[in-house]
Structure formats: structure tokens, C-alpha cells
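**Q** Here's a structure for you.
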Amino acid sequence: MPTAAAPIISSVQKLVLYETRARYFLVGSNHAETKFRVLKIDRTEPKDLVVIDDRHVYTQQEVRELLGRLDLGNRTKLSQKGSSGLFRAVSAFGVVGFVRFLEGYYIVLITKRRKMADIGGHAIYKIEDTSMIYIPNDSVRITHPDEARYLRIFQNVDLSSNFYFSYSYDLSHSLQYNLTVLRMPLEMLKSETSKTCQESFDIFEDEGLTTQGGSGVFGISSEPYMKYVWNGELLDIIKNSVHRDWLLYIIHGFCGQSKLLIYGRPVYVTLIARRSSRFAGTRFLKRGANCEGDVANEVETEQILCDASVMSFTAGSYSSYVQVRGSVPLFWSQDISTMMPKPPITLDQADPFAHIAALHFDQMLQRFGSPIIILNLVKEREKRKHERILSEELVAAVTYLNQFLPPEHSIVYIPWDMAKYTKSKLCNVLDRLNVIAESVVKKTGFFVNRPDSYCSVLRPDEKWNELGGRVIPTGRLQTGILRTNCVDCLDRTNTAQFMVGKCALAYQLYSLGLIDKPNLQFDTDAVRLFEELYEDHGDTLSLQYGGSQLVHRVKTYRKIAPWTQHSKDIMQTLSRYYSNAFSDADRQDSINLFLGVFHPTEGKPHLWELPTDFYLHHKNTMSLLPPKRSYTHWWTPEVVKHLPLPYDEVICAANLKKLTVKKFHRWEEEIDIHNEFFRPYELSSFDDTFCLAMTSSARDFMPKTIGIDPSPFTVRKPDETGKSVLGNKSNREEAVLQRKTAASAPPPPSEEAVSSSSEDDSGTDREDEGSISQRSTPVKMTDTGDSAKVTESVAQPMKEVYGVSLSRSLSEEDHSIYARFVQLGQSQHRQDWSSPQMCARCSDGVIKLTPISAFSQDNIYEVQPPRVDRKSTEIFQAHIQASQGIMQPLGKEDTAIYREYIRNRYL
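Mind the numbering: the sequence shown is residues 756 to 1662 in the numbering used here, read in order.
Below is the structure:
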């Protein structure tokens, strides 16, 4: 199926750092190791960073020759064969960045990764381990007594804890933004391609496109949204001097994915949380907002639903919904020196014209469009005025700002005292939240990349017709955002976001034609799976900001929590108090140093000598900022002009400058996501397949009793569930211990890092990925016997479907045949695809998806097999016969070649 554009896949996925006395050589390659790039890092400068990108794409043979020459040229004695002048220092999977304190620069490399999610074939990885290497040589190093202390503070930011990256998917943007960019008109893509060619960094990457015809696919990559990038400061020093493939941006937050099986049809439910890197910090040390409108504990949560039966952004079905949490956008703080569990709330500065709130909401209008809906969950009635201070100020700010906005784009304010309703025995908290969630989703809508299904048109639902957002020919767009806050934005906020996400999930399933009404009930397999994702999400964000896991969960507000949960809630409260009182200051220093908020400078106070970091986060205390905006026209004019659409997704000159557009051949690896995902050049195993190891509704939540309705939307009784959320979440300490043990334990022998090339050291180590995927909590494995029963009750036995039992292990003979077949595929894959003969021969071999449904919008396709000539068929048949011991007679040409080989080799 022809596509207008495709995401550009980074060609630097495996790295090896080689060391000489004068330089480091960083060799990066794509996953297939067919294209290589080289960075040269000078080690003779004691305090400056000199990085040289030679702007050339090497083949494997060229890299082998280059490393051989470097090894020979750096030996102390040219005739000495035993010594080596080039040492292999470390293997890695990406560059986090470069950092300097008081001595020279360090390079931070990702040495271990784990696959956490898959969106349309684009893998999302979690950083499992990193390595920090000092660049200058010991002979030029100028030591400083405080260097070691800065190094310890920097390393207190645990990069192996909830940092994520992807080589082909922009994690800093939403799915709606990423797919909107891919649907740009072809005329604009062509114009952007010509501009990119003129400004291209790499002088070699556009060769051959004009001489080999104009057919091809546009590759697009966009600039990341730096607000959610955590290593932007670390990469800033090399951003303009190296190829873009070396720049690997990471986000901090949460990423989890589970599989919802609907009568055998796989649907992936993904939850991604992006934590803001601006005004970032810990609970009591970062409250409210700074002078630029950035708020504390700001997290953007996106839930993505995709039909996993079709892996394509063009042909597949994808849907997403985004919501935000963040501190109240005012100048306020809490003094923790009093050692009170709830320090008093103080308004630090008067802001009668809501200048800070205006800056914050202007950012939200630009990224999300209108309407902005504020769900304020703080207490309204208190004996002693505490949380109500924030509510009164926020109401005044919103009322003031709404005076000047157009009425159709005004900010919607919903106050609701959640704590008061929780204490009442007559009120059901979640029922009230469900009413709020319905009204919110109807106002904002959600994103889906396909038009309404025919069943929705023939039998429309009443709620579906009232849905908001923007309807376009290719689907629907979410316009506007829900912003939820309490005081800490942890427990109450997570439950409210879960209820809104549950409501949006029902609409998403309905839009994909998977349920007949946009409604989901509790105690179904689908909601249990979604609830577990959200509780993992809430625990992770709470640990990052508050120092402990959630205290009040969804089941707490449902009032079905067991009596043992109350004692554990008390322990979590004590853990949070201890963390806030004794360890948050050190964590805040580490975050300030990692994000580049504080730069160590000789002759100035050190980080640990500062009485406060207030002036570091409020730039108006250090320098004069530009004049304030108008008190009445507080928004950006271009943003309001395009409302309700978000300005960041509007096709205009300013946004086009953020894109890199290049034209590729259809079979080139930079845009071939099928090749990137399936990796036909590798010997793979079903046991190591990510999609089989992730949490599944059928294996982990469905009842084990045969005869039960296998639908994940059937309400279950508590005693017949396959895995109760209640029971599994009751032992949080054990789950955390399992996670830490799994992260620190060495891999099994089959997963140890081995060289991908046995002939030389130019290859890089294979990634260390376990057979079981890990979210923030480990995947719970069920009993083998129970899994077999579930499989039998849901689907037919494999022998009836395929004619052979696929559960049995392969014999040694079959395994050797398959291994030789993979070796042939590797040899074929590493041929030079740039030659005109190869391009002409393989142009018809591209996989094509052909719709076979009578309805044009259905995502049911068949694959047309590539055409194979007679000679290739004969060669393949001879190969199969040779594996069975039937050898073909040699021809005269083959005999002559073999005799020549024997003569040159042995005579």
C-alpha cells in the first residue's frame, strides 16, 4: 500500500567506543550493521570538548579497514605484532550526552536496554544501565578536589529508573502529532525536500535519488518537544556539529503496554507518561509555577489503543487520548522546616493580573488547542484554611483570564472536593467522577486515524453523536485537554485520571468497532487490565515526585480494599514523610545538576553551598526579562487564530521549519519499518518475542474455568477472576523487590552480550533483553497448566489449525536447517543496495498490502507475494535439497571455480 511519508529510523543503534592515547573513536551502526558512522573525540584537551563527525557513511568492510589502519598507526612499534594500538572500551546502544563539572568532559552511554512497548512496529526502550567515561587522557588531566563530589551528585539521578527512548518514534510528541505530520500534503513534502537538500548536513545522503528515478518515499523526522526531553542540555554542545542520528533524546516518566485479546484479536493498550523537565523537582521543594509559566510535577499522560493485527501507521487502526496533571499555576510554596506532616501553604507573590497563569495556559493552548478544562480536586471546606487558599486564587485567575478570551474558547473550571465525597457514606465517588469524565471527553473528543465505521453510521449511538473534537476525512482529532490537579497531584489526581481514561477507552474501542456501545463496566477483564496499568503509572510518578508509592488507590475509593491495605497505606505515608524530610534535598540537587539548571563554575559557590535554588528556576531574579505581555491580550495571536486546533499541529511556515524531510528509495532501511521490526536477518525465537511476553487479558485476567465467556467485556465475580487486581497489588513490596532483582541480576547465558561479528571487532554487542518484558513492575507469570487451559478454551488447538503441533521444540536437524537459512538471509541483506542493478531487480519485491474487504475503510488486507524468477526458484530448490542430503551435479563453471580456489589456497 503506497505511503506518502514514513518516520525516519535512526541509523545509529549500536555503538562501540574504541580508545587510543590521543582519541576516542565512537563507531555507530544500524541494527543490521550495513551502515556505519564514526565520531572522533579528542583526548588531548583538558577542559574543552572537540568532537568531529567525518560525515561519511561506511560499509562494514570500510569500517574494518579503517579500524585496522588506526590499530596499526597507533602501535608503539610498527613491527611488534603482539601489542595493539586500538582498544575496545565499551559497547553501547546510544549516547545520552556530554557533561562537564570542574575538570574535563564525560560521555554518558547507554550500555543496556529493555524493550517496553511497540507502537506500529516502532520499539520503545527503557534504559537499564549506563556508563560514564572520562574523556581527557590522564597525562593532560587537571584534577580538582570537588570533582568527585559533583560526579556523585550527578549519578544520583538513576538513569536506569524510568527513562525511555526510541530510534524511530518521537516520544516527546503525542501520537496525534506524529501521525498528523506523516499526512502532510505531497506538495509541501516536495518543497521541504528541496530545502533540506540545500541545507543538508550530510553531503553523501542525497546521492543517487535523481539519477535512479523520482519514485520513492518521503522520510520525516521532527524536532522533539524540548519541554519533555531530559537530556537536551547534555546534547546541546554537539547538536549543531554532528549528524542528527547521533542525537538520541530520552524522556522521563512511565511506559507500560498490555495486550487485550478480543476473541483472539490482539489490541495493544499503551500508557505513556512524559514528565516535564522544566521546574522539575521533589514534592515540597517544587510547588506552584516559575516566572515562565512552567509548573511543578507536570506530567502529560497519553493512552494509545492500536489494533495489533496490522502493523502499519497507514493501514492500521490507532487511537489516543491525552490528559495532563500539574501543580496549581500560582506563586505558592510550603515551608518544610517546621517538620509538620502538612506544612502551611503560603502565597509567595501577589499576581492580581494572573500573569503566571496566563503564560501557563498560553502554552497549553499552543500544544493542545481549546477548550482547556481544569478539574480542581482540592478541599473546599476546612476548619482551618489550608488547601482552600489555592482554590480561591485559582478561581480568581481563571475568571480574570476568561474575560478576554473568545467565549467559545474560554477555560472551563470544574471544582470538586473529592476528599469530602470520600468521607460521605451516601455518595459514590467514582460515580460522580464518571459523570465528570463523560462531560470532559464529549468536549475534547479523542484522536483516531480512521473514519467512523459503517456500523456507527447505520446504528449511531446517542453519546457518539454528541462527541466533540474535530472530525476530518481521515478520522477524528482531539482538541483541548483536561488538566487535573490536587495539592500534590498524586493520589486523588491519579484516580480521577483513571476514570477519565476509562471513559475515553470505551469511546476508543467503539471507534475501532470492537464494542457495540461506548461504555465499560468495572470488574471486566478489560477494565482490570487498564486499572493495573494506571496503578503502575501512579506508583511510578508518585515515587519520582513524592518519594513513595500511591497511598489511596482506585479500590480505596471503590471501598473494596482489604483491611490489610490500611496498614500498608500508613507505611506509604511514613515513607513519603521520611523521603520529604531527609532525602528530597539531595535529589533536588541531582536534578538541578543533571538538567543543567546549575553549572559548576570555578570561583563561584558550589551547588551544596547554596541556601536555596529559587533563583536558578526563576530567571527574572538573575537577569531582566523581556517586557511583560498585555494584561488583556495575554495569549499569542497566532495560537488563538487557529483554535480550537492546537497551533503546533497546524501546517504553517513556523512548524515546517521544525521538520526534516528527505526522499528515500522504497527499500532503504531508514524508512523500512517492516524490516526494522521483524529483522529477517536474525535468528529469533518465540520464547523471546515481546508480544508473547507482555501482560495479556486472556492469560493473566480471564477465569481459568472452561466454558466461561472469553469476552474481556464480561463482568466477572470476584471469586472467578484469573488474576484479581486486589490480590496482586496487595504485596507491593514483593513486586518492587522482584523488579530490582530482575534489573540487577545478570542475564542468562543465552542473552549474554556477544559480538555480532566473529571475524573482527567492528561489530557491536547484541542488546541484553530478557525474554520477559518489564514495565515499572514485573510481568506476573501464571501457572503453565492454567495457561494451557486458557488457550484451549479460547482458541482451537494448533494441530487442528496448522496440521502440526507448534508447541513442541524443534529437532536439531530442523534447527540447523533454519540457522543456515538465516545465514543466507544475512548475506543477502548485507549486499550493496545502492547499485542500479540491485535496485531494478528488487523494486518489485516490496511487500504490498491490498484491501480485500468490500468496505473501503476496513483494515483487512492481504499480502501479495513478490515475484520470483525461474532461476531464483531453481537455486532455492537446490538449497532445500542440499539440506536434505541431495546434492546437485556440479557444472563446468562451478568445477573450474573450485579448482582455482584449491590451487590458490593449498598449492
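Beta carbons are placed, not taken as given, at the ideal position from N, Cα and C, and that holds for glycine.
Just mark L1492 as buried or exposed, buried being the case when its beta carbon has 16 or more other beta carbons within 10 Å.
**A** Position 737 of the sequence shown, counting from 1, holds the residue named residue 1492. Per-residue confidence for L1492 stands at a pLDDT of 39, beneath the threshold of 50, marking its modelled position as unreliable; the derived number appears in the next sentence. It counts as exposed.
**Q** Taking Y980 as part of the alpha helix (DSSP H), name the residues at either end of that continuous run.
**A** As a working note, residue 980 is residue 225 in the sequence shown. Segment: none, Y980 is in no alpha helix (DSSP H) and carries neither H nor E.
**Q** What three-state label does DSSP hand A1174 in the structure shown?
**A** For the purposes of this step, residue 1174 is identified with residue 419 of the sequence shown, where counting begins at 1. A1174: helix per DSSP, three-state reduction.
**Q** Going by DSSP, which residues form a beta bridge with G1235?
**A** Here the question's residue 1235 lines up with position 480 in the sequence shown. DSSP lists no partner for G1235.
**Q** Among the residues of its own chain, which have a CB less than 6 Å from the CB of T1376, if the five just before and after it don't count?
**A** Here residue 1376 is taken as the residue at index 621 of the sequence shown, counted from 1. Same-chain partners within the cutoff: Y1370.
**Q** Alpha carbon to alpha carbon, what distance is there between I1144 and K982?
**A** Translated into the one-based positions of the sequence shown, residue 982 becomes position 227. Translated into the one-based positions of the sequence shown, residue 1144 becomes position 389. Answer to the nearest angstrom: the Cα atoms are 29 Å apart.
**Q** List the DSSP bridge partners of D1280.
**A** The count along the sequence shown starts at 1 and reaches residue 1280 at position 525. DSSP, once it has assigned bridges, lists no residue as partnering D1280.
**Q** Leaving out five residues on either side along the sequence, give the residues of the same chain with a beta carbon under 7 Å from the beta carbon of M1254.
**A** The sequence position of residue 1254 within the sequence shown is 499, counting from 1. Closer than 7 Å at Cβ, skipping near neighbours: L1185, L1188, N1189 and A1192.
**Q** Using a threshold of 8 Å, state whether the C-beta atoms of W985 and V850 are closer than that.
**A** Your numbering for residue 985 matches position 230 in the sequence shown. Your numbering for residue 850 matches position 95 in the sequence shown. The answer is no: Cβ separation not under 8 Å.
**Q** So what's A1497 in DSSP terms, helix, strand or just coil?
**A** Here residue 1497 is taken as the residue at index 742 of the sequence shown, counted from 1. Confidence is the limiting factor: at A1497 the pLDDT is only 39, short of 50, which leaves the residue's position unreliable and the question unanswerable from this model.
**Q** So is C1210 buried or exposed if we call it buried at 16+ other beta carbons inside 10 Å?
**A** In the sequence shown, residue 1210 corresponds to position 455, counting from 1. Looking at its Cβ environment, which holds fewer than 16 other Cβ atoms inside 10 Å, C1210 is exposed.
**Q** Compare the Cα-Cα distances from V895 to each of A844, P801 and L864 and report the closest residue.
**A** On the sequence shown, residue 895 is found 140 positions in, with the first residue counted as 1. The shortest C-alpha separation from V895 is found at P801.
**Q** Do you know whose CA, among N1045, D1106 and I865, lies nearest Y1386's CA?
**A** Locating residue 1386 in the sequence shown gives position 631, where the first residue counts as 1. When each option's Cα is compared against that of Y1386, the closest is D1106.
**Q** Between the Cα of D913 and those of H928, Y924, M887 and K795, spot the shortest distance and give me the residue it belongs to.
**A** Position 158 of the sequence shown, counted from the first residue, corresponds to residue 913. Cα-wise, what sits closest to D913 is M887.
**Q** Quick one: what does DSSP say K1198 is sitting in, helix, strand or coil?
**A** Here residue 1198 is taken as the residue at index 443 of the sequence shown, counted from 1. In the structure shown, K1198 sits in a helix (DSSP, three-state: H, G or I).
**Q** Indicate whether the contact test is met: 3 or more Cβ pairs, each with one atom in the stretch 1147-1156 and one in the stretch 1279-1292, closer than 8 Å.
**A** Segments in contact, no.
**Q** Would you say N911 and S1345 are within 8 Å of each other, going by their C-beta atoms?
**A** Locating residue 911 in the sequence shown gives position 156, where the first residue counts as 1. Locating residue 1345 in the sequence shown gives position 590, where the first residue counts as 1. Taking 8 Å as the Cβ cut-off, N911 and S1345 qualify as a contacting pair.
**Q** Return the chain-ordered ranges of every alpha helix (DSSP H) run that is complete within the stretch 900-932 and spans a minimum of 4 residues.
**A** Within the stretch 900-932, the complete alpha helix (DSSP H) runs of at least 4 residues are 902-910.
**Q** Could you tell me if Y1573 is buried or exposed, where buried requires 16 or more neighbouring beta carbons within 10 angstroms of its beta carbon?
**A** Position 818 of the sequence shown, counting from 1, holds the residue named residue 1573. Looking at its Cβ environment, which holds fewer than 16 other Cβ atoms inside 10 Å, Y1573 is exposed.
**Q** Grouping DSSP H, G and I as helix and E and B as strand, with all else coil, what is L1003?
**A** For the purposes of this step, residue 1003 is taken as the residue at position 248 of the sequence shown. Coil.
**Q** On the premise that R798 lies in contact with I890, defined as a C-beta separation below 8 Å, what is that separation, rounded to the nearest angstrom?
**A** Locating residue 890 in the sequence shown gives position 135, where the first residue counts as 1. Locating residue 798 in the sequence shown gives position 43, where the first residue counts as 1. Rounded, the Cβ-Cβ distance is 6 Å, consistent with contact.
**Q** With DSSP collapsed to three states, give me the class of K1384.
**A** Position 629 of the sequence shown holds residue 1384. Looking at the sequence shown, residue 1384 is not Lys but Arg. R1384: coil per DSSP, three-state reduction.
**Q** Could you tell me whether any non-hydrogen atom of the ligand HEM is closer than 7 Å to the CB of L1288?
**A** In the structure shown, the ligand HEM is absent, as is every other ligand, since no ligand is present at all.
**Q** Would S766 and K795 be called neighbours here (beta carbons separated by less than 8 Å)?
**A** For the purposes of this step, residue 766 is taken as residue 11 along the sequence shown, with counting starting at 1. For the purposes of this step, residue 795 is taken as residue 40 along the sequence shown, with counting starting at 1. Result no, Cβ atoms of S766 and K795 do not sit closer than 8 Å.
**Q** Taking the beta carbon of S1499 as the centre, do at least 16 other beta carbons fall within 10 Å, making it buried, or is it exposed?
**A** Counted from its first residue, the sequence shown places residue 1499 at position 744. Its pLDDT being 38, under 50, S1499 is placed unreliably by the model, and the measurement read from it follows with that caveat. Exposed, by the Cβ-count rule.
**Q** Quick one: what's N1709 bridged to in DSSP?
**A** Outside the displayed span of the chain (756 to 1662) sits residue 1709, for which this structure offers no information.
**Q** Is the stretch 1164-1180 in contact with the stretch 1201-1209, if contact means three or more CB pairs nearer than 8 Å?
**A** Contact between the stretch 1164-1180 and the stretch 1201-1209 is absent, because fewer than three Cβ pairs lie under 8 Å.
**Q** Smallest Cα separation from R1306: which of I1270, Q1343 and C1244?
**A** Position 551 of the sequence shown, counted from the first residue, corresponds to residue 1306. At residue 1306 the sequence reads Val, which differs from the Arg that was named. Closest by alpha carbon: C1244.
**Q** Within this structure, are the beta carbons of R1038 and G1301 separated by less than 8 Å?
**A** In the sequence shown, the residue the question calls residue 1038 occupies position 283. In the sequence shown, the residue the question calls residue 1301 occupies position 546. Yes. Within cutoff.
**Q** Which residues does DSSP list as the beta-bridge partners of I1693?
**A** One cannot answer for residue 1693 here, as it falls past the ends of the chain, which runs 756 to 1662.
**Q** Pull up the DSSP beta-bridge partners for F853, would you.
**A** Within the sequence shown, residue 853 is the residue found at index 98, counting from 1. Partner(s): I862.
**Q** If we count Cβ pairs, one from each stretch, closer than 8 Å, do we get three or more for the stretch 767-775 versus the stretch 813-829?
**A** The stretch 767-775 vs the stretch 813-829: in contact.
**Q** Let me know if P1126 comes out buried or exposed under the rule of 16 or more other beta-carbons within 10 Å of its beta-carbon.
**A** Here the question's residue 1126 lines up with position 371 in the sequence shown. Counting Cβ neighbours within 10 Å, P1126 comes out buried, since at least 16 surround it.
**Q** I need the straight-line Cα distance from W1087 to I874, nearest angstrom please.
**A** Your numbering for residue 1087 matches position 332 in the sequence shown. Your numbering for residue 874 matches position 119 in the sequence shown. Distance between the alpha carbons of W1087 and I874 is about 39 Å.
**Q** Taking only three categories from DSSP, how would you classify K1412?
**A** Residue 1412 sits at position 657 when you count from the first residue of the sequence shown. Three-state DSSP puts K1412 in coil, outside helix and strand.
**Q** According to the Cβ coordinates, are T1391 and Q1012 closer than 8 Å?
**A** Counted from its first residue, the sequence shown places residue 1391 at position 636. Counted from its first residue, the sequence shown places residue 1012 at position 257. Contact: no.
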